[in-house]
Amino acid sequence: MTFINARSTEQAVSELAVRGEELLVLAGGTDVMVQYQRREIRSSAWLNVRRIEELQRIDASTATGKPLRIGAMTSHRAISRDTLVLRYAPALAAACATVGGWQTQEAGTIGGNICNASPAADLPPPLLVADATVTLMSSHGTRTLLLSEFILGRRSTARRSDELVTAVELQPLPDGAGEVYLKVGPRRGMEVALVGLAVRLMFDEDGVVTDARVAVGSVAPAPFRAHEAEQALIGSRGDKSAIDEAGAALSAAASPIDDARAPAAYRRRVLSPLLARAVAQCYTQDTRR
Amino acid sequence: MSAVGTSAVRSDGPIKARGQARYTVDVGLPGMLHCVLARSTVAAGRIVRLDVSKARQLPGVHAVITAADAPMHRNGMLIRDQELFASTHVRYEGEPVAAVAAETKAIARRAVELIELELEQMSPVVDLDDAVAAGARLVHPEWQTFSMAIPCERYDNVANELMANPPGVDEAFAQAAHIVTDEYRAGRQYQAYLEPKAVVAEYEAGRYTIHVSHQFPFALRDRFADALGIRSSDVRVVGHHIGGAFGGKLDLGIEPYAALLAKATGRPVKLVQERTEDFITCPSRENAIIRIRSAVDAEGQVLGRDFDVLLDAGAFAGDTPFLVSIALFMANGAYRVGPTRVRARAVYTNTAPTGAFRGVSGTYLVFAVERHLDHIAEVVGVDRMAIRLANVLRNGDPLLNGQRLDDASILGEAFAEIERVAPWAQITAPTTTTDPTVALRGIGVAAALWVTNPLPGEATLRLGEDGTIHLISAANDNGSGAVTMGLRQIAAEEFGLDVNDVITTMPDTDVQGFDGGSQGSRTTHVVGRAVHDSAIELRRKILDVASKHLEADVADLELVAGHVGVRGVPDRRVPLSQIATLARGTVGSLNATASYAPALPAYDPSCASGFIFSTFPNPTYHVHLAEVEVDPVTGNVSIVRYVVAQEVGKAINPVGVYGQIQGGVTQGIGYAIYEGIDIGSDGRYQQRTLASYRLPIAPDIPRVEALLLEHPDPAGPFGAKGIAEPPIVPVAAAIANAISAAVGHQINSLPIRPNDVLDAIEAGRAKLQQ
Amino acid sequence: MDLSLCVNGRQYDVDVESGTSLLDVLRDEIHLTGTKESCVEGECGTCTVLIDGRPHDACLLAAHAMEDTEITTIEGIGTADAMSPLQAAIVGAGGVQCGFCTPGIVVTLTALVAEAPCPTEDEIRMALAGNICRCTGYVQIIDAVLQHTSDLSTCAESAS
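Chains as they are written, first to last, in my numbering: chain A, 1 to 289; chain B, 1 to 770; chain C, 1 to 160.
See the structure below:
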C-alpha cells in the first residue's frame, strides 16, 4: 500500500515517471472517491496532488490579451470568487459556483474536473469558449494542448500516465464582449447539468456580433464547440432569425441520451431557447450598451 | 399557562446539535459482528441454485444464513405473504436471499460477492393495469394459502379490494349537464430519512434484544415474534434516537436478519444499510392510478361520481390492504358531492413492497380530487375558488362511511383565512404576455381533511426524589418533538414545574406500557391526554401524602412552584422532593399510569366491502395556497409563495407546530416537482441514489406562511389536536393546480418535472391558437 | 498504513488501508460519531467537517490526504460544557428535529458566519445547498442564523 502526499510539482512528476501506470491520482476526490466508495475503481497506490501549493495560483499578465493562467489544483470555490476570473472569465466563475454545493466546491479543482471528463462537467463549456489550453508536465518536459484536444470522450483524456496537469490557460474576455454560462437543472444547486451552455460574443459599436463562441456540455459524449451555430450568429444583431438558425444548428449537432436524470428529448428541446437567453444576456453584459 | 403554548426548547436539542445523540447507527457493543445482506438483482425469477459455501469459508465470516436456516412460515402485517428469505422464487429486486455476519463490514461485503445465486428469470409484473387484467401472470400463484390477520377481499393479483356502491350514481350521470372524466397518475416517493435503516441485535438466554430507531416498538416486537415464531416476551425492543422515518420505519424490516445471526454466532450483530440498498428496498409511498368520472350540473355541483384507484402494493401486501380504505374518505375531498361509487384495489407487482409515508395515500388522492375540481371549474366556466366555496363541507355533513363531521365548517374559516392574506381576485388577476421568455405565473388552491390515528397510548408519571417528574412512556417522536417538547410541556403545566424538570425516557418494551407509535399525528393528542389523566391521579397521591405530613385537609392544599402548601399559610409547605422521600416509607414511590384510547366515531359498516380502516377519528381541516413561477425555457418551477391554513386545536408549542408545517410542505414540494422514481419494465428503479433522486434543498424552498386555527378539542390535552402529518397532504394538489393555471393546460401526473411542464406549455399555447 | 491526524486540536495516530475515508476514520477509529454517514457520495452533507476552516464532505476525503491539515468536527464546536451561540440559536429556533443533519449543518454554518458575518438570506440558503434536511424545511435554521448574526454584530436585519 502506498499513499504519497506530493508537496511539489517536481515530486509528483517524478513519482508519475516511475509508476504512473499504477498510481491513482487524487485531486479533490469529489469524483474519484465516489467511484472508489462504489467499488467501481480499486487501488492500493495513491498520489495526492491536491495540496501542491504552486498549482493553486491564478495569474494574469499585465499585458492586454495575454492568457489568464489558473493552476490545476485551484478549487472551484477559489476560482468562482477570484477578482481576475470575475473580470476576465465570468462564465467560468459562474460555472465554478454551480459545481455541487459549498463542500464540493472547496474540495474540487479545475484540474480534477477536466481530467474526470464527465460529459456533464461544468467547467469545459466556459473554458472552450475562451480557447482554453491545458498544460501537462512530465519528466520529459511540458506540453500544451487545446482543451478540445485534451478531452477525447466520455471520461477519456489525452493525459498519459506519466503526466500531471499543471495549469489551464484561457483567453480573457475582451472589452466589447459578453459571456455567460447557463446550467439547466431543476434545483438551484447540487445538480449535474442536464445541459451546460457557454456563450461568448464580441460586438462592434453597433451591436453587431463580430465573433461568437458557443460550447455545450451534457448533450454528447464530450463537451464541444458548435461551429455552425457560431457562424449563424456572426454578423447578426442577435435577432430572432439568426438565433433560430443558430439554435437549429446547435440542436442538430447535439446527440443527447436518456438517463435517470432527464430524457434526451428534454435536453434537445431546451437548446434553442437556452441559446436565445444566453445571447440576450451576453448583450446586456457589453458595457457599452 | 406557563409551559403549554410556549416555544419550550426540546430536551434533546442540545445533544443533537452537539453530535452527542446516539442513533442506532452509532450503537456499538463489545464483540459485535457486521451483517450484510445478499439480495436479488432481478425483479422476478425462480431460484435454480443458491450456493453460499464459498462465503461461509471466507476467513472472518462467522455465519451465513438463508431460507434453509430461517422459520418457514410466512408473515405480514395484514396478509401473511412474506418470507424472511426468498426460498423458491424472488419477487422484487432487492429481496433478501442470504445474510452474512463477519468480523468487519468489508469482509461481509466480500462474502456476499462470493454467494452464487442462479435464477431463471421470469417476466416481471409491473404495470398496474396489466396486473389486474384477465389472464395476468400471478405474482403469487399460491396466494390462497396465505392466511390473513384481518379479512381482505382478495383475488388474483389483488390483495384487497374496497368497494362502495351506493344507489343513485348511474341516475346522476343520466341527468348531468356535463360529464368530466380524468385519469391521474402518481409515482412513488422515498422517505429518504437521513439515518439509513440499521439494527443491532443480541441473543442471550433465549431472548432477543433489538436496538433500533423505530417508530412503533410494540408493533415491531409483535411482528418480529410472529415472524420468528416465538413469544412476544422473548423479544425486547430498545429504542434510540430516530434519524428520520416518516412512516418508513413503522413495520418489521431488517431486524430478523441481525437477530438470527446473533443467535447463530453468539455475538451481537449490527446491520446498517447502504443508501442504494435502502432506497430500492424501502417501503416507499405507493404509486397509484386514479380514475374519476363526475356527473356535474350547470353550476358545477357534482351530482354523482365514480372513483377508481389502483394502488401498487409491490411484491408483498404490507399495509396496502389497509390503505385502500382511504380512498373512501378522500373520494369527495373537502366538498359536498352526490352519490359516489368507490373502488380501490391494492395490487401485487414484482417491485419493492410499498408502505407508509406521511399522509398515506392522501397525497395523491387529494391531488386527483383537487385537480379534477379545477377541471370541472374550467368545463363549467366557473371560478376555481367560487366553485370550492359553493361546495365546501359544513358542520354535520357526512363522510362516505356515514360518519358525521360535526365541525367541518372549520374548512370555511380556513378558506376565509387564506382569503385574508391572499385575496383571490387580486392574485389571480390575469396578466397577459406574449413574450415566450417571461416567467409564467399561476395560483393554485387545495383543501383537505386529515385523520388522527386513534391507537391507544399509555403514560406513567413518577415523582422523582429531587422533585422532578419522570414521564415514562414508549412514545417516541421521529423528530417532531411531540415527546421532547409537547408531552414535557403538558406534564410541566399539570404540576406547575419548569419544563426542564420533566424527564422523558426512550422506548423499551420491557419497561413501558403499550404505545401506538409515532404515526398519524397521534402522540401529542393521545399520549398527551394519557399524561394529563395520569397527572390528575399523581396529583391526588401527592396531595394525600402532603396532607398527612402538613396535617391539613387535602381541600386546603395547593401545588405551587414545586411545593405543596396550605392555602393562605405561606410557611406551612413541603417541597415535592421531600414528598417522594416521605412516601417511600409508607405508600412507596408515587406513580400514576393512564391509558387513553380515543373514541371511534359512529359510522355505517355496510357502506363498503374490503373496508378495514373504517373511521376517520378526530379529523382536522386544511387549506393550502401556492403561487408558482414557471420558466418557459427550462420548464423549471419556483414556488414563490406558499400559505397554509390549518386547524390545530391548541398549539402546545408554536415553534414545534411551525416546524411540522414547514417540513411537511417541503416534503410535499419534493413529491410535487422534484422526487421521481421511474420503474422500468424490468421492475427495477432507474433512480438509485440521491444524485438522481432529487430531494428539496435550501435554495429552493419558500418560507411557508402558517395561519393556525384553534378550536380546542375537549378530549385533547389542553385542547390539542394532531398536527404533524397533514401538512404534506394538500401540497402536490395546490402546486399542480398552480402550474396548470400558469401554463393553461391540465397536468395530471406527479411528479411534475421540467419536461412535463414544457409539454404542458406547448399544449397550452396550441389551445390558445385554436 | 500509519496516519497522524489533527482533529479538534488533538493529534490521533491510526493505522488504516490507503483509500479509507476520513469519515470512516473519524467514526470507527477515533470514535467521534457526531459526524454522520448517510449517502456516501457527497450529496447530503451529513458528514460535513472543516478542513482548515473550509467545509468538506468527509466521506469523499481520503484520510491519508488529510495529514498536515486542521480538521474540525462537530465535537470541536462549542465548549465541553456549552453549545456555541450559533448552535444554541439553531436549537432555540426549532432548527433541530430528528437531528441527523444537524452536525453537518452546524459545521457548515459555523464556517459561513466566520467568513461572512452578515450573510443575507440567499447567501445562507446557497451555503446550505450541500446539506440536506428532510425534516425542517430549512426556514427555522435560516432564521436562526439571521437572528444570531443580527444579535452579534452591527448587521442590519436583512430584509431579503
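Heads up, the beta-carbon is just placed ideally off N, CA and C, and yes, glycines get one too.
> Taking just the CA atoms, how far does V380(B) sit from E299(B)?
Replying inline: Translated into positions along the second sequence, residue 299(B) becomes position 299. Translated into positions along the second sequence, residue 380(B) becomes position 380. Those two C-alpha atoms are separated by around 7 Å.
>> Counting only Cβ-Cβ distances shorter than 7 Å, please list the residues of the stretch 15 to 48 of chain A near chain C, keeping chain order.
In response: Listed in sequence order: L26, G29, T30, M33, V34, Y36, Q37, S43, S44, W46 and N48.
>> Using a Cβ-Cβ cutoff of 7 Å, what residues of the stretch 143 to 164 of chain A are near chain C? List them in chain order.
In response: Those would be none; no residue qualifies.
>> Mapping the DSSP letters down to three states, classify R575(B) as helix, strand or coil.
In response: Looking up residue 575(B) in the second sequence gives position 575. As written in the sequence, residue 575(B) is Pro, which differs from the Arg given in the question. Here P575(B) sits in strand by DSSP.
> Can you list, in chain order, the residues of its chain whose CB lies under 6 Å from that of R293(B), leaving out five sequence neighbours each side?
Replying inline: Start at 1 with the first residue of the second sequence, and residue 293(B) comes out as number 293. Once the five neighbours on either side are set aside, the close Cβ partners of R293(B) are T181 and D306.
>> Helix, strand or coil, according to DSSP, for C118(C) in the structure here?
In response: Translated into the one-based positions of the third sequence, residue 118(C) becomes position 118. Here C118(C) sits in coil by DSSP.
>> Restricting to Cα atoms, I'd like to know which of E205(A), S75(A) and V184(A) is closest to V168(A).
In response: The count along the first sequence starts at 1 and reaches residue 168(A) at position 168. Sorting E205(A), S75(A) and V184(A) by C-alpha distance to the C-alpha of V168(A) places S75(A) at the top.
>> Mapping the DSSP letters down to three states, classify N591(B) as helix, strand or coil.
In response: Within the second sequence, residue 591(B) is the residue found at index 591, counting from 1. Reduced to three states, the DSSP call for N591(B) is strand.
>> Short of 7 Å in beta carbon distance, which residues of its chain neighbour R688(B), apart from the five on each side in sequence? Order them along the chain.
In response: Indexing the second sequence from 1 puts residue 688(B) at position 688. Excluding the 5 residues flanking it on each side, R688(B) has same chain C-beta neighbours closer than 7 Å at T276, F279 and I280, in chain order.
> What does a CB cutoff of less than 7 Å around A242(A) pick up in its chain, not counting 5 residues either side in sequence?
Replying inline: Taking the first sequence and counting its residues from 1, the one referred to as residue 242(A) is at position 242. Hits under 7 Å: A232, L233 and S236.
>> Tell me the rounded alpha-carbon separation between A212(A) and R277(A).
In response: Your numbering for residue 212(A) matches position 212 in the first sequence. Your numbering for residue 277(A) matches position 277 in the first sequence. Answer to the nearest angstrom: the Cα atoms are 15 Å apart.
> If you draw a straight line from the alpha carbon of I781(B) to that of R188(B), how long is it in whole angstroms?
Replying inline: What the structure shows of chain B is the stretch from 1 to 770, and residue 781(B) is not part of that stretch, so it cannot be assessed.
> If you check the beta carbons only, do S393(B) and R358(B) fall under 8 Å apart?
Replying inline: By one-based count along the second sequence, residue 393(B) stands at place 393. By one-based count along the second sequence, residue 358(B) stands at place 358. Going by the sequence as given, residue 393(B) is Leu instead of Ser. Using a Cβ distance threshold of 8 Å, L393(B) and R358(B) do not count as a contacting pair.
>> Strictly below 8 Å CB to CB, what residues from chain C border N5(A)?
In response: Taking the first residue of the first sequence as 1, we reach residue 5(A) at position 5. For N5(A), the residues of chain C that pass the 8 Å Cβ criterion are H64, A65, E67 and D68, in the order they occur in the chain.
>> Using CA atoms only, rank isn't needed, just tell me which of A317(B), L550(B) and A763(B) is closest to P151(B).
In response: Position 151 of the second sequence holds residue 151(B). Taking only the C-alpha atoms, the option nearest P151(B) is A317(B).
> Alpha carbon to alpha carbon, what distance is there between G104(C) and C169(C)?
Replying inline: Outside the shown range of chain C (1 to 160) lies residue 169(C), about which nothing can therefore be said.
> Going along the chain, which residues of its own chain have a beta-carbon closer than 7 Å to the beta-carbon of A262(A), five neighbours each way excluded?
Replying inline: The residue given as residue 262(A) occupies position 262 in the first sequence. The answer, listed in chain order, is L194.
>> Just to make sure I have the definition right: I need the residues of chain A whose C-beta is within less than 8 Å of the C-beta of N287(B). Which are they?
In response: Taking the first residue of the second sequence as 1, we reach residue 287(B) at position 287. Simply none; closest approach about 17 Å.
> Candidates A491(B), T509(B) and G481(B): which alpha carbon is nearest S534(B)'s?
Replying inline: If you number the second sequence from 1, residue 534(B) lands on position 534. The shortest C-alpha separation from S534(B) is found at A491(B).
> Since V633(B) meets chain A, which of its residues come closer than 7 Å, beta carbon to beta carbon?
Replying inline: As a first step, residue 633(B) is located in the second sequence; it is residue number 633 there, counting from the start. Per Cβ cutoff of 7 Å: V270, P273, L274 and R277.
> Since L758(B) meets chain A, which of its residues come closer than 8 Å, beta carbon to beta carbon?
Replying inline: Taking the first residue of the second sequence as position 1, residue 758(B) is located at position 758. Within chain A, the residues near L758(B) are Y266, R269 and V270.
> Which same chain residues, not among the five before or five after G76(B), have their C-beta less than 8 Å away from its C-beta?
Replying inline: Counting from one through the second sequence, the residue named residue 76(B) turns up at place 76. Here G76(B) has Q82, F146, A149, F316, A317 and G318 as same chain residues with Cβ atoms under 8 Å from its own Cβ, once five neighbours each way along the sequence are excluded.
> Should H470(B) and I503(B) be called a contact, given that it needs their Cβ atoms to be closer than 8 Å?
Replying inline: As a working mapping, residue 470(B) is identified with position 470 in the second sequence. As a working mapping, residue 503(B) is identified with position 503 in the second sequence. Against a cut-off of 8 Å, the Cβ pair of I503(B) and H470(B) comes out as a contact.
> Do Q37(A) and E41(C) have their CB atoms nearer than 8 Å?
Replying inline: By 1-based counting over the first sequence, the position of residue 37(A) is 37. By 1-based counting over the third sequence, the position of residue 41(C) is 41. Closer than 8 Å, so yes.
> For the stretch 106 to 132 of chain C, which residues have a beta carbon sitting closer than 7 Å to at least one beta carbon of chain A?
Replying inline: From the stretch 106 to 132 of chain C, only T108, M126, A127, A129 and G130 have a Cβ closer than 7 Å to chain A.
> For the alpha helix (DSSP H) that H31(C) lies in, which residues bound it at each end?
Replying inline: Locating residue 31(C) in the third sequence gives position 31, counting from the first residue. Looking at the DSSP string, H31(C) is not in any alpha helix (DSSP H), and its letter there is neither H nor E.
> Under the rule that 16 or more other beta-carbon atoms within 10 Å means buried, what is A425(B), buried or exposed?
Replying inline: Residue numbering aside, residue 425(B) sits at position 425 when the second sequence is read from its first letter. Classification for A425(B): exposed.
> Does the distance from the CB of A198(B) to the CB of S213(B) come in under 8 Å?
Replying inline: Position 198 of the second sequence, counted from the first residue, corresponds to residue 198(B). Position 213 of the second sequence, counted from the first residue, corresponds to residue 213(B). A distance below 8 Å separates the beta carbons of A198(B) and S213(B).
> When DSSP labels each residue in this structure, what does F85(B) get in the three-state scheme?
Replying inline: Along the second sequence, one-based indexing puts residue 85(B) at 85. Under the three-state reduction of DSSP output, F85(B) falls in the coil class, being neither helix nor strand.
> Near A1(A), what residues of its chain come up, given a Cβ to Cβ distance below 8 Å and the 5 sequence neighbours on each side ignored?
Replying inline: Counting from one through the first sequence, the residue named residue 1(A) turns up at place 1. Checking the sequence shown, residue 1(A) turns out to be Met, not Ala. For M1(A), same chain residues with a beta-carbon under 8 Å away, outside a window of 5 residues either side, are S44 and A45 in chain order.
> Which whole runs of the beta strand (DSSP E) in the stretch 345 to 381 of chain B are 3 residues long or more, in chain order?
Replying inline: Unbroken beta strand (DSSP E) stretches of 3 residues or longer found wholly inside the stretch 345 to 381 of chain B: none.
> What residue does the alpha helix (DSSP H) around V85(A) start on, and which one ends it?
Replying inline: Here residue 85(A) corresponds to residue number 85 of the first sequence, with the count starting at 1. Start and end: T83 to Y88.
> For a contact meaning CB atoms closer than 7 Å, what does P14(B) contact in chain C?
Replying inline: Here the question's residue 14(B) lines up with position 14 in the second sequence. Those are M83 and V91, listed as they occur along chain C.
> Looking at the structure shown, is P59(B) part of a helix, part of a strand, or coil, going by DSSP?
Replying inline: Here residue 59(B) is taken as the residue at index 59 of the second sequence, counted from 1. In this structure, P59(B) counts as coil in the three-state DSSP scheme.
> Is it right to say N395(B) is buried, meaning 16 or more other beta carbons lie within 10 angstroms of its own, or is it exposed?
Replying inline: The sequence position of residue 395(B) within the second sequence is 395, counting from 1. Per the 10 Å Cβ criterion, exposed.
> On the three-state DSSP scale, how would you describe Q403(B)?
Replying inline: The residue given as residue 403(B) occupies position 403 in the second sequence. Note: Q403(B) maps to coil in three-state DSSP.
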